[in-house]
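Residue numbering for the sequence shown follows the working numbering, beginning at -2 and increasing consecutively.
Here is the structure we will look at, set down as structure tokens.
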Amino acid sequence: MNDEPKSPAEMKEIRLHRKRSQEVEGIKAMAEIAAADIAIRKRTEQLRALRLAREAADLANPPEPKVKPKRVTKAKAASKTAKKG
């Protein structure tokens, strides 16, 4: 870069060029943001459809409830053996 002072016309041209390049960068950035937004919405729609299908299948075929084995304490076990014998 030159350290020489620039004329007002040169400064105006530099500012104009910078402004145009910033506008182009802004348009590109907005297009990228819009494309990313569309991709996110599409993916969300797919995931929602999968979730709703899974929930519908779960409602149609509910899992069997798990039966927990009953705990037998030593005192109850001793009283049961005493009653039997």
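Beta carbons: idealized from backbone N, C-alpha and C, even for Gly.
None of the values given here were measured: they were computed from a predicted structure.
The three-state reading of DSSP puts Arg68 in coil, since its state is none of H, G, I, E or B.
When secondary structure is reduced to three states using DSSP, Lys63 falls in the coil class, being assigned neither helix nor strand.
For Pro5, the secondary structure class from DSSP, reduced to helix, strand or coil, is helix. Assigned with DSSP and collapsed to three states, Asp0 falls in coil, not helix or strand.
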